[in-house]
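Enquirer: All residue numbers for the sequence shown refer to the working numbering, where the first residue is 430 and numbers rise by one.
Quick reminder that beta carbons are idealized off the backbone N, C-alpha and C, glycines included.
Dropping the structure in here first, questions after.
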Amino acid sequence: MKRRTSFQNRSQQKWKSRLLFMLLLCLCVGSFILLLESNPPTMNLPILFAQKPKIAFLFIARNRLPLDFVWDVFFQADNNNRFTVFVHSRPGFLFSKATTKSPYFLNRQVNGSVQIDWGEASMIQAERILLQKALVDHTNERFVFLSDSCIPLYNFSYTYDYIMSTPTSFVDSFADTKEGRYNPKMHPVVPVNNWRKGSQWVVLNRKHAETVVKDETVFPVFQQHCKCVQLFREHIPKKKSEDQQDSSFDRIISSKRKSLPEFWRDQPFPVDTSKEHNCIPDEHYIQTLLAQEGLEKEITRRSLTHTAWDLSVSKDNERRGWHPVTYKFSDATSQLIHSIKEIDNIFYETENRREWCSSKGKPSPCFLFARKFTRPAASRILNLSVLGT
Numbered sequence: 430m431k432r433r434t435s436f437q438n439r440s441q442q443k444w445k446s447r448l449l450f451m452l453l454l455c456l457c458v459g460s461f462i463l464l465l466e467s468n469p470p471t472m473n474l475p476i477l478f479a480q481k482p483k484i485a486f487l488f489i490a491r492n493r494l495p496l497d498f499v500w501d502v503f504f505q506a507d508n509n510n511r512f513t514v515f516v517h518s519r520p521g522f523l524f525s526k527a528t529t530k531s532p533y534f535l536n537r538q539v540n541g542s543v544q545i546d547w548g549e550a551s552m553i554q555a556e557r558i559l560l561q562k563a564l565v566d567h568t569n570e571r572f573v574f575l576s577d578s579c580i581p582l583y584n585f586s587y588t589y590d591y592i593m594s595t596p597t598s599f600v601d602s603f604a605d606t607k608e609g610r611y612n613p614k615m616h617p618v619v620p621v622n623n624w625r626k627g628s629q630w631v632v633l634n635r636k637h638a639e640t641v642v643k644d645e646t647v648f649p650v651f652q653q654h655c656k657c658v659q660l661f662r663e664h665i666p667k668k669k670s671e672d673q674q675d676s677s678f679d680r681i682i683s684s685k686r687k688s689l690p691e692f693w694r695d696q697p698f699p700v701d702t703s704k705e706h707n708c709i710p711d712e713h714y715i716q717t718l719l720a721q722e723g724l725e726k727e728i729t730r731r732s733l734t735h736t737a738w739d740l741s742v743s744k745d746n747e748r749r750g751w752h753p754v755t756y757k758f759s760d761a762t763s764q765l766i767h768s769i770k771e772i773d774n775i776f777y778e779t780e781n782r783r784e785w786c787s788s789k790g791k792p793s794p795c796f797l798f799a800r801k802f803t804r805p806a807a808s809r810i811l812n813l814s815v816l817g818t
């Protein structure tokens, strides 16, 4: 009897010990969860739970991405899951194994895409859709806009370190003092003193990306009052006679339709636009919005994407006078890429301001990406092995 009683006592003690242990464990887990919920910003979590911030690459394309093979090589160099990809293309087009050879673009097409017309607010609507989709992933901390004719100039690691080295956004932004772009009907919602111009190919931090998506004030004004109707007539060289001027304009239209791979620049040109405002939404929206919100001190006022806006020295008559330049196979040389990489400052004439480029507090190249490259040109550049640090 004594042995049986002793055995029962030991069993009860073990059961009580296990119960006490389980209670203490539940108490610890519960306290940890409450601490997380009450103090999320100040918690120093173990390195096990830390995750690298990501860059979201946001591509705006008509259909397929003709330079996907270049970006495939670029993305392959990252082994740490530090990027995401989102693509906006026309409604009805589907990225599949038949339309792209790169796995990085499969299933990365955003839903709810819109038909883009160049010179209309649909372009900035597409940008807002891309940002809205990319913001769902909380690890995305930078948002890079790219066209379907862009190429990277450096490898992934250099590009990542460059962009993440500063908390600021990279937004080409300057005061637009030329007449004709600002529509007085925008006042008083968008006053002229907040009117800015710049490249649409920006790099935004998460705060500024959220500002664009949440905007319900400036965007409707752009939809109503910022439309491009004059287009490229302002670039026509002055001639001695009207006949010569019309002939020059026809050549510009012809070359635009033949050469430009980016779809939103292919549309008919109006005849009489002398009394209209030539407002190109994507060259003004983000810049003006950030000025309107008082956020200009939080941006680096330059673009990371190089675009050539003049080729007046070209011997090809069709390539003079229209902008921007599309690089063909014959242009794609190592000298071209090196010349872009050597640019270390940008001069803004309207503000008499020279922007010296730096990264991590040291002088650096200004550009990480370049456009506009045809598929043959990009293929040749890739084969020259000049896209790297």
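Let me know the secondary structure DSSP gives LYS562 once reduced to three states.
Expert: For the purposes of this step, residue 562 is taken as residue 133 along the sequence shown, with counting starting at 1. Helix at LYS562.
Enquirer: Using the Cβ count rule (16 or more neighbours within 10 Å means buried), how would you classify GLU778?
Expert: Taking the sequence shown and counting its residues from 1, the one referred to as residue 778 is at position 349. The residue in question, GLU778, is exposed, as its Cβ has fewer than 16 Cβ neighbours within 10 Å.
Enquirer: For a test of the three-state rule: what should DSSP assign to ARG800, helix, strand or coil?
Expert: Taking the first residue of the sequence shown as 1, we reach residue 800 at position 371. In the structure shown, ARG800 sits in a strand (DSSP, three-state: E or B).
Enquirer: Our contact map puts GLY627 next to GLU712 with C-beta atoms below 8 Å; I'd like the distance itself, whole angstroms only.
Expert: Here residue 627 corresponds to residue number 198 of the sequence shown, with the count starting at 1. Here residue 712 corresponds to residue number 283 of the sequence shown, with the count starting at 1. Indeed they touch by this definition, with Cβ atoms about 7 Å apart.
Enquirer: Report the residue ranges of all alpha helix (DSSP H) runs contained in full by the stretch 753-814; include only those spanning at least 4 residues, in chain order.
Expert: Whole alpha helix (DSSP H) segments, 4+ residues: 763-770 and 804-812.
Enquirer: When DSSP builds the beta bridges, which residues end up paired with THR736?
Expert: Locating residue 736 in the sequence shown gives position 307, counting from the first residue. Partner(s): ARG800.
Enquirer: SER598 and HIS567 - do their beta-carbons sit closer together than 8 Å?
Expert: Along the sequence shown, read from residue 1 onward, the residue named residue 567 stands at position 138. Along the sequence shown, read from residue 1 onward, the residue named residue 598 stands at position 169. Cβ distance not < 8 Å, so HIS567 and SER598 don't count as in contact.
Enquirer: What does the alpha-carbon distance come out to for the pair PHE534 and LYS483?
Expert: Here residue 534 corresponds to residue number 105 of the sequence shown, with the count starting at 1. Here residue 483 corresponds to residue number 54 of the sequence shown, with the count starting at 1. Answer to the nearest angstrom: the Cα atoms are 17 Å apart.
Enquirer: Provide the residue span of the beta strand (DSSP E) that contains PHE512, from first to last.
Expert: Counting from one through the sequence shown, the residue named residue 512 turns up at place 83. Residues 512-517.
Enquirer: In or out: THR818 buried (at least 16 other Cβ within 10 Å) or exposed?
Expert: For the purposes of this step, residue 818 is taken as residue 389 along the sequence shown, with counting starting at 1. Exposed, because fewer than 16 other Cβ atoms sit within 10 Å of the Cβ of THR818.
Enquirer: Where does ILE580 sit, in a helix, a strand or coil, going by DSSP?
Expert: Your numbering for residue 580 matches position 151 in the sequence shown. Strand at ILE580.
Enquirer: Apart from the five residues on each side of it in sequence, which residues of its chain come closer than 8 Å, Cβ to Cβ, to GLU379?
Expert: Here the chain has residues from 430 to 818 only, and residue 379 is not among them.
Enquirer: Which residue comes first and which comes last in the beta strand (DSSP E) that contains VAL539?
Expert: As a working mapping, residue 539 is identified with position 110 in the sequence shown. From DSSP, VAL539 is part of no beta strand (DSSP E); its letter is neither H nor E.
Enquirer: Kindly indicate the opening and closing residues of the beta strand (DSSP E) around ALA485.
Expert: On the sequence shown, residue 485 is found 56 positions in, with the first residue counted as 1. Here the beta strand (DSSP E) through ALA485 covers 483-489.
Enquirer: Which of the three DSSP states is assigned to LEU816 in this structure?
Expert: Residue 816 sits at position 387 when you count from the first residue of the sequence shown. Coil at LEU816, not helix or strand.
Enquirer: Nearest to VAL647 by CA position, among THR717, LYS656, VAL600 and ARG730, is which residue?
Expert: To locate residue 647, count along the sequence shown from 1; it is residue 218. Considering only alpha carbons, the answer is THR717.
Enquirer: Per DSSP, what are the beta-bridge partners of LYS614 in this structure?
Expert: For the purposes of this step, residue 614 is identified with residue 185 of the sequence shown, where counting begins at 1. For LYS614, which the question treats as bridged, DSSP gives no partner whatsoever.
Enquirer: Can you check which of these residues, ASP773, PHE802 and ALA799, is closest to PRO792 by C-alpha distance?
Expert: Within the sequence shown, the letter at position 363 stands for residue 792. With distances taken between Cα atoms, PRO792 lies closest to ASP773.
Enquirer: Specify the secondary structure class of VAL642 as computed by DSSP and reduced to three states.
Expert: In the sequence shown, residue 642 corresponds to position 213, counting from 1. Three-state result, VAL642: helix.
Enquirer: Can you have a look at PRO794 and say buried or exposed, based on whether 16 or more other CB atoms are within 10 angstroms of its CB?
Expert: To locate residue 794, count along the sequence shown from 1; it is residue 365. Buried is the call here.
Enquirer: According to the Cβ coordinates, are GLU570 and ARG511 closer than 8 Å?
Expert: Within the sequence shown, residue 570 is the residue found at index 141, counting from 1. Within the sequence shown, residue 511 is the residue found at index 82, counting from 1. Cβ atoms of GLU570 and ARG511: not closer than 8 Å.
Enquirer: Evaluate ASP497 with the Cβ neighbour count: other Cβ atoms within 10 Å of its Cβ, from every protein chain shown; 16 or more gives buried, anything less gives exposed.
Expert: Within the sequence shown, numbered from 1, the residue matching residue 497 stands at position 68. Flag for ASP497 reads buried.
Enquirer: Excluding five sequence neighbours on each side, which residues of the same chain lie with their C-beta closer than 7 Å to the C-beta of PHE796?
Expert: As a first step, residue 796 is located in the sequence shown; it is residue number 367 there, counting from the start. Contacts found: LEU582, LEU733, THR734, HIS735, ILE769 and ILE772.
Enquirer: When DSSP labels each residue in this structure, what does ARG371 get in the three-state scheme?
Expert: There is simply no residue 371 to check, as the chain begins at 430 and stops at 818 in what is shown.
Enquirer: So, with DSSP's three-state summary, where would you put ALA604?
Expert: What you label residue 604 is simply residue 175 of the sequence shown in a count that begins at 1. ALA604: strand per DSSP, three-state reduction.
Enquirer: For LEU575, which residues does DSSP report across the bridge?
Expert: Against the sequence shown, residue 575 aligns to sequence position 146. According to DSSP, which records beta bridges pairwise, LEU575 is partnered with PHE488.
Enquirer: Between the Cα of SER788 and those of PRO596, ASP601 and GLY609, spot the shortest distance and give me the residue it belongs to.
Expert: For the purposes of this step, residue 788 is identified with residue 359 of the sequence shown, where counting begins at 1. Selected option, being the one with the closest Cα: PRO596.
Enquirer: Determine the direct distance from the alpha carbon of LEU719 to that of VAL621, and round the result to whole angstroms.
Expert: As a first step, residue 621 is located in the sequence shown; it is residue number 192 there, counting from the start. As a first step, residue 719 is located in the sequence shown; it is residue number 290 there, counting from the start. Rounded to whole angstroms, VAL621 to LEU719 spans 14 Å at the Cα level.
Enquirer: Determine the closest residue to HIS616 out of PHE776, PHE585, PHE651 and LEU564, with distance taken between C-alpha atoms.
Expert: Residue mapping note: residue 616 aligns to position 187 of the sequence shown, counting from 1. Of the candidates PHE776, PHE585, PHE651 and LEU564, the one whose C-alpha sits nearest the C-alpha of HIS616 is PHE651.
Enquirer: Which same chain residues, not among the five before or five after ALA555, have their C-beta less than 8 Å away from its C-beta?
Expert: In the sequence shown, counting from the first residue as 1, residue 555 sits at position 126. Around ALA555: ILE489, HIS517, SER542, VAL543 and ILE545.
Enquirer: Where ASP672 and ALA506 are concerned, what is the direct C-alpha to C-alpha distance, given to the nearest angstrom?
Expert: If you number the sequence shown from 1, residue 672 lands on position 243. If you number the sequence shown from 1, residue 506 lands on position 77. For ASP672, the predicted structure reports a pLDDT of 36, less than 50, and the residue's modelled location is therefore unreliable. A value from the coordinates is still provided. Rounded to the nearest angstrom, the two C-alpha atoms are 55 Å apart.
Enquirer: Quick one: is PHE572 buried, meaning 16 or more other Cβ sit within 10 Å of its Cβ, or exposed?
Expert: On the sequence shown, residue 572 is found 143 positions in, with the first residue counted as 1. Counting Cβ neighbours within 10 Å, PHE572 comes out buried, since at least 16 surround it.
Enquirer: So, at 6 Å on beta carbons, what are the nonlocal neighbours of TRP785 in its own chain, with the 5 sequence-adjacent residues on each side left out?
Expert: Counting from one through the sequence shown, the residue named residue 785 turns up at place 356. Within the same chain, TRP785 has close Cβ partners ASN774.
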